[in-house]
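One structure is given here, and the rest of the page talks about it.
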Amino acid sequence: MAVEGRCRRVPLPPPTTRRGKQQQQGGERARRVQAGDALPLPIRHTNLIFSALFAASLAYLMRRWREKIRTSTPLHVVGLAEILAICGLVASLIYLLSFFGIAFVQSVVSNSDDEEEDEDFLIDSRSAAAAAAQATPPPQPAPCSLLGSACAAPEKMPEEDEEIVAEVVAGKIPSYVLETRLGDCRRAAGIRREALRRTTGREIRGLPLDGFDYASILGQCCELPVGYVQLPVGVAGPLVLDGERFYVPMATTEGCLVASTNRGCKAIAESGGATSVVLQDGMTRAPVARFPSARRAAELKGFLENPANFDTLAMVFNRSSRFARLQRVKCAVAGRNLYMRFSCSTGDAMGMNMVSKGVQNVLDYLQDDFPDMDVISISGNFCSDKKSAAVNWIEGRGKSVVCEAVIKEEVVKKVLKTNVQSLVELNVIKNLAGSAVAGALGGFNAHASNIVTAIFIATGQDPAQNVESSQCITMLEAVNDGKDLHISVTMPSIEVGTVGGGTQLASQSACLDLLGVKGANRESPGSNARLLAAVVAGAVLAGELSLISAQAAGHLVQSHMKYNRSSKDMSKVAS
């Protein structure tokens, strides 16, 4: 019989305790004699009386001795009341020490007796267990479910599911229709996983199946699921940004990353915090259309970029959504092909689908006046999405953010373990000149993509958009007569949203809630997404500050050897 989502466990008989054995043998030993059994009153009352006597006697004697010292009376001159108080103090002290001392000694002695009895009982138990083992066949291994666990054998599936698995393996049922046909996303994932196991011969035990809401990803996040990957989430902070404190969630498997970012946050906080400004906010989509001639392509370019036609285009474009608002259109011609880059605001959504629908509305409208326009693709790579491109670096895409802070000289020395001059020099030679030698495009930084990707995964963003979102130039300069450090990061294309896609999943939604940007801001649409972009830039500022300092001080290798190495063989744990 299959057990849903768990390995079946064989129940064990309750263990026979030493006390139970004594009862079965007729009570060979009597109840232990306690220290207070000989007292006429219950032990708690006796303890209370002597404790009160001790406290009262001590208080009375201390008061009397203080009076004698004040009046210069010899301490050895005592009256009857003082003699009684001294006797009470000594008697109560003797009782209390004797009572608790006897109890302690008795516990030590009884423990020795218990150890001797346990040894006898252990010998008897082993003998009985050996006899039982000879008479009882070895137990069969418990069946396992399809949960990716260390159980050796897969769980036996219901007969109906076995038939479906066989048909999927044989190719009679497409794997992608299981959710629709079965109406149970968890069951569909389990059947698909079993079909995969039989097809490949791989158990994939380390990949968990249960514990995830597969219905939440249906039709929006992932197709053909067979499990889910677990990622640790660390928190860096507080990041003091624009007068607020943020604890930044980072999902990563790179050791030292969260710790380093956290150190940067500390340096920023101790210097008064960072400030940010969102320069622009607009998602882009650039379809490509082909014309009979370059002249016709140029004619449409002139029409789209003519300010007199913008209101008409905006009206057509904005029909797609109550949040989509066309901002501008920029065109480029290559031969007889026209690339039209539409930019629009998208509220708190990242906005790729929103802008695509608006672009489709405009293309349908233009088809009437330009019937010879042949739309090749809704995306012609002039957008440019998930690719490093100069157009994003120059024109911006998503949120364009600048974040800056002034780090005090004492903080540079105490927290970052270096000095201002070394940081400024290293940034010029490494991030500016070194990136130029490498021919970098938007890569004038130390490791912006590290922080961006970790936050993207934790908050349900599209990790592939890390490519353009990580474009960043880091600037460092000495200020205040060379004593303090001014640091800034300029990131022209941070593509984030707080609604839609992976932001709706439970874990990612919780991380957004931690930052206070979960869901849409109904009072000011788009402000949650802009705040998230500012937090990303602030975290990048912290990460850049810490890594550059580690390299300037020569601590990078030591830090990674300490935090990014493990002696544990996790492959054995997974298996």
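Residues in the sequence shown are numbered from -11 upward in steps of one, following my numbering. Where a beta carbon is used, it is the ideal one built from N, C-alpha and C, also for glycine.
Return yes when the Cβ of residue j is within less than 7 Å of the Cβ of residue i, no when it is not.
i: Val221; j: Ala377; result: no
i: Gly488; j: Ala517; result: no
i: Leu535; j: His435; result: yes
i: Gly384; j: Pro480; result: yes
i: Ala277; j: Met361; result: yes
i: Val350; j: Ala525; result: no
i: Ala522; j: Val236; result: no
i: Arg181; j: Val214; result: yes
i: Gly448; j: Gly490; result: yes
i: Ser163; j: Leu212; result: yes
i: Lys387; j: Gln453; result: no
i: Ser457; j: Ile482; result: yes
i: Ser372; j: Lys345; result: no
i: Arg329; j: Phe279; result: no
i: Ala239; j: Ala442; result: yes
i: Tyr327; j: Gly368; result: yes
i: Leu464; j: Val412; result: yes
i: Glu70; j: Arg52; result: yes
Closest Cβ-Cβ distance between residue i and chain D: below 7 Å?
i: Ala257; result: No chain D is part of this structure, which consists of one protein chain only.
Whole angstroms are fine: how far does the CA of residue j sit from the CA of residue i?
i: Arg169; j: Ser476; result: 54 Å
i: Pro451; j: Leu520; result: 15 Å
i: Val304; j: Phe432; result: 39 Å
i: Phe291; j: Ser515; result: 33 Å
i: Val223; j: Asn325; result: 48 Å
i: Asn407; j: Glu398; result: 9 Å
i: Arg233; j: Leu502; result: 11 Å
i: Ala302; j: Asp352; result: 14 Å
i: Leu134; j: Ser410; result: Residue placement at Leu134 cannot be trusted, given a pLDDT of 39 that sits under 50; the coordinates are not used to answer.
i: Thr300; j: Asp357; result: 13 Å
i: Asn380; j: Cys319; result: 14 Å
i: Ser423; j: Thr478; result: 15 Å
i: His543; j: Ala498; result: 34 Å
i: Arg7; j: Ser86; result: Because Arg7 sits at a pLDDT of 43, beneath the cut-off of 50, its placement in the model cannot be relied upon, and the following sentence gives the value as read from the coordinates. In a straight line, the C-alpha of Arg7 is about 29 Å away from that of Ser86.
i: Gly531; j: Ile161; result: 50 Å
i: Gly243; j: Arg251; result: 14 Å
i: Gly199; j: Glu293; result: 52 Å
i: Gln496; j: Cys210; result: 15 Å
i: Leu288; j: Val265; result: 36 Å
i: Val425; j: Gly171; result: 57 Å
i: Ser39; j: Ala79; result: 11 Å
i: Ile57; j: Val65; result: 12 Å
i: Ala494; j: Ile364; result: 38 Å
i: Arg283; j: Ala296; result: 21 Å
Would you mind sorting residue i into buried or exposed? The rule is 16 or more other CB atoms within 10 Å of its CB.
i: Lys254; result: buried
i: Leu533; result: buried
i: Val564; result: Here the chain has residues from -11 to 563 only, and residue 564 is not among them.
i: Met342; result: buried
i: Thr61; result: exposed
i: Ala177; result: buried
i: Asn419; result: buried
i: Gln208; result: exposed
Among the residues of its own chain, which have a CB less than 8 Å from the CB of residue i, if the five just before and after it don't count?
i: Thr263; result: Leu229, Asp230, Cys391, Glu392, Ala393
i: Leu36; result: none
Report back the beta-carbon spacing between residue i and residue j to the nearest angstrom; my notes put them in contact at under 8 Å.
i: Thr188; j: Met271; result: At roughly 40 Å, the Cβ-Cβ gap does not stay under 8 Å, so Thr188 and Met271 are not in contact.
i: Arg186; j: Val217; result: About 22 Å; that fails the 8 Å criterion.
i: Gln539; j: Leu414; result: 6 Å
i: Leu49; j: Ile74; result: 7 Å
i: Leu245; j: Asn438; result: 6 Å
i: Asp149; j: Ile192; result: With a Cβ gap of about 18 Å, Asp149 and Ile192 do not count as contacting.
i: Ser84; j: Ser45; result: Sequence inspection shows Leu at residue 84; the Ser mentioned does not correspond to that position. Contact doesn't hold; Cβ gap of about 12 Å is too wide.
I'd like the list of long-range same chain contacts for residue i, defined as Cβ closer than 7 Å, with 5 residues on each side in sequence excluded.
i: Lys396; result: Ser259, Asp472
i: Cys173; result: Glu167, Tyr202, Ala203, Leu206
i: Ala286; result: Val321
i: Gln355; result: Met361
i: Leu184; result: Val214
i: Arg313; result: Asn306, Cys332, Ser333
i: Pro513; result: Phe311, Gly335, Asp336
i: Ala257; result: Pro226, Val228
Below 6 Å CB to CB, which residues in the same chain sit around residue i once its five sequence neighbours on both sides are set aside?
i: Ser331; result: Gly270, Thr272, Gln315, Arg316
i: Ala541; result: Lys405, Thr406
i: Ala337; result: Gly485, Val487, Gly488
i: Val156; result: Ser163, Ala183
i: Ala43; result: none
i: Ala508; result: Asp336, Val487
i: Leu219; result: Ala239
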